[in-house]
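A short worksheet on the structure shown next.
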Amino acid sequence: MTIHVDIPALKQPEQYRRLARQAIRNAEQAPSAYFRLGFLSLASGWRALAEQAEKKFWESTHEQVHWDDPPPERRAT
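Following this note's numbering, the numbering of the sequence shown begins with 11 at its first residue and continues without gaps.
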């Protein structure tokens, strides 16, 4: 049995990484150093976006839980 989970926040970093890989391929085939540097700059930007998106997703799903502070319904009055 296969379970498919469709979470858009996880697709976004992969899309950024795919664009970074494509920019690197374009840089390898660039006709001049000027275009090569431009494509490598794009790749760097796409990679940074992927890392930032992954970090934000991780932070939002792994927020710190304060176990020493009981919920209001369990506090002694």
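Where is the CB? At the ideal position from N, CA and C, for every residue including glycine. Nothing here was measured: the structure is a model prediction, and the numbers come from that model.
Terminal residues of the alpha helix (DSSP H) in which residue i lies
i	result
SER70	43 to 71
Whether residue i touches residue j by CB criterion (9 Å)
i	j	result
PRO23	LEU52	no
ALA33	LEU47	no
ARG35	ARG57	no
ALA40	PHE49	yes
Residue i - DSSP class collapsed to helix/strand/coil
i	result
GLN22	helix
GLN39	coil
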